[in-house]
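In the working numbering, the protein residues as written are 117 to 275.
Rendered as structure tokens:
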């Protein structure tokens, strides 16, 4: 897992990744929004997509194979139970600000129910996704990768 992420970071500077949200907004003429006004569930919504893209990129980078195998491997990593384990393993490494965002997401009242997860895992995963969304909107993509890489290693979830 580490080699794939290292190769990515060697080839793409953080500056190239920074501002992708702003680039998308400008391209589609969408006005900027103060990140502090986003609800925790809106942060989780964007974070879900960002985290999924990170994991998909790593999984595909590990080898071109059938789409069904790629989907299965990715779904094992992005499911609520795995995200809950990851954030539990990383909670002591979060900054005060990151912990606050995580807790806001975790404690948000969601209109949907967990499908294939316990409610506890679902809430913790929502908190994790809110944190990822927040970091993405703050242009802190490298921090998303650090949390992901270290967290996956701590829970011994190999990609």
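All C-beta atoms in this analysis are idealised placements derived from N, C-alpha and C, irrespective of residue type, glycine included.
- Message: Please state the DSSP three-state secondary structure of residue 155.
- Response: In this structure, residue 155 counts as coil in the three-state DSSP scheme.
- Message: Taking the beta carbon of residue 143 as the centre, do at least 16 other beta carbons fall within 10 Å, making it buried, or is it exposed?
- Response: Its Cβ having fewer than 16 others within 10 Å, residue 143 is exposed.
- Would you be able to state if there are at least three C-beta pairs under 8 Å between the region 159-174 and the region 183-196? Yes, they touch.
- May I ask you to verify whether the region 258-266 touches the region 202-211, counting CB pairs closer than 8 Å and requiring at least 3? Judged by Cβ distances under 8 Å, the region 258-266 makes contact with the region 202-211, as three or more pairs qualify.
- Message: To test your reading of the DSSP string, which unbroken alpha helix (DSSP H) runs of 4 or more residues are found completely within the region 170-227?
- Response: Every unbroken stretch of the alpha helix (DSSP H) spanning 4 or more residues and falling wholly within the region 170-227 is given here in chain order: 183-194, 196-206 and 212-223.
- Out of 147, 203 and 185, state which residue places its alpha-carbon closest to the alpha-carbon of residue 217. With respect to the C-alpha of residue 217, the residue from 147, 203 and 185 having the closest C-alpha is 203.
- How long is the line joining the alpha carbons of residue 270 and residue 201, rounded to whole angstroms? Roughly 9 Å separates the two Cα atoms.
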